[in-house]
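**Student:**
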Amino acid sequence: KAGVTQTPRYLIKTRGQQVTLSCSPISGHRSVSWYQQTPGQGLQFLFEYFSETQRNKGNFPGRFSGRQFSNSRSEMNVSTLELGDSALYLCASSWGDRGPSGYTFGSGTRLTVV
Amino acid sequence: AQTVTQSQPEMSVQEAETVTLSCTYDTSESDYYLFWYKQPPSRQMILVIRQEAYKQQNATENRFSVNFQKAAKSFSLKISDSQLGDAAMYFCAYRFRGGSNYKLTFGKGTLLTVNP
């Protein structure tokens, strides 16, 4: 079966611009989570969506937002980009229940802000 | 808040040898999951092995096994018969089983090098 698909794989943006990243989860998975990965901070949780509702949110400013569509695909938006937003953004999908199933990750979107 | 600590930023092992990666975590909860993920240069995080905290038996997946010490809050990963393809960054992760928070908390990672 198809894995988690993230698009685009690479992105270069200028400070002040906004960006939208996309994530298509594994078929049947209803939960999509987003993580930011940087060399300094490691992997940090951004937010999680389940059945089109944001269920959890990490400690990121309001410039970071997301949404989930009825087909479980999710988008993440960052407005007014800052240099510090340069990172690898990973999306993970899961069934969304409390079971032990792990999360399946995509290959990420590498965002560079110049 | 839960924290996950990986004290070894880098490790190396000879091909066919055994290596153990360390992970400790801090939580006040008793019911949770622990995971080891592998991230090769392709960037995709791949689940290596999972452990349910309420199970005393250590999880095993082929050449990968864990030593889960709940009282000590320790969760180490042992890789036997190391292969060149095992070279990657390894992350230990925690997830609370109850409540409404489904996030994974990751350690900083251990970069594993496999020498031929």
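Chains A and B supply the protein sequences, listed in that same order.
193 is the number of the first residue of the first sequence in this note's numbering; add one for each residue after it.
1212 is the number of the first residue of the second sequence in this note's numbering; add one for each residue after it.
Don't be surprised by glycine CBs; every beta carbon is placed ideally from N, CA and C.
Identify, in the order they occur along the chain, each residue of the same chain with its Cβ nearer than 8 Å to the Cβ of Gln210 of chain A, setting aside the five sequence neighbours on each side.
**Tutor:** Contacts found: Asn269, Val270, Ser271, Thr272 and Leu273.
**Student:** Does DSSP put Leu1315 of chain B in a helix, a strand or coil?
**Tutor:** In the structure shown, Leu1315 of chain B sits in coil (DSSP, three-state: anything other than H, G, I, E or B).
**Student:** Just to confirm, is the Cβ distance from Gln1250 of chain B to Phe1302 of chain B under 8 Å?
**Tutor:** For Gln1250 of chain B and Phe1302 of chain B, yes; Cβs fall inside 8 Å.
**Student:** Pull up the CB-CB distance for Gln1217 of chain B and Lys1319 of chain B, whole angstroms please, since I reckon it's below 8 Å.
**Tutor:** Rounded, the Cβ-Cβ distance is 6 Å, consistent with contact.
**Student:** Report the CB separation of Ala1304 of chain B from Tyr1248 of chain B in whole angstroms; it is logged as a contact under 8 Å.
**Tutor:** Yes, they are in contact, since the Cβ atoms of Ala1304 of chain B and Tyr1248 of chain B sit about 6 Å apart, within 8 Å.
**Student:** List the whole-angstrom C-beta distance separating Val1325 of chain B from Gln1294 of chain B, where the pair is believed to meet the contact cut-off of C-beta under 8 Å.
**Tutor:** About 7 Å; that satisfies the 8 Å criterion.
**Student:** What residues from chain A crowd round Ser1253 of chain B, counting only those whose CB sits closer than 9 Å?
**Tutor:** Here the neighbours are Ser299.
**Student:** Give the residues from the region 1312 to 1324 of chain B that approach chain A closer than 9 Å (Cβ to any Cβ), ordered along the chain.
**Tutor:** Listed by position along the chain: Asn1312, Tyr1313, Lys1314, Leu1315, Thr1316, Phe1317, Gly1318, Lys1319 and Gly1320.
**Student:** Taking the alpha-carbon positions, what's the Thr199 of chain A to Leu275 of chain A distance?
**Tutor:** Straight-line Cα distance between these residues: approximately 21 Å.
**Student:** What does Met1256 of chain B reach in chain A if we use C-beta pairs closer than 7 Å?
**Tutor:** Leu282 and Phe297, listed in chain order.
**Student:** Less than 8 Å between the CB atoms is what I'm expecting for Gly294 of chain A and Arg1261 of chain B, so what's the real figure, rounded?
**Tutor:** Contact holds; Cβ gap of about 6 Å.
**Student:** Identify every residue that forms a DSSP beta bridge with Arg201 of chain A.
**Tutor:** DSSP, once it has assigned bridges, lists no residue as partnering Arg201 of chain A.
**Student:** For chain A, check one thing: does any of its Cβ atoms lie closer than 8 Å to the Cβ of Phe1302 of chain B?
**Tutor:** Cβ-Cβ to chain A under 8 Å: yes for Phe1302 of chain B.
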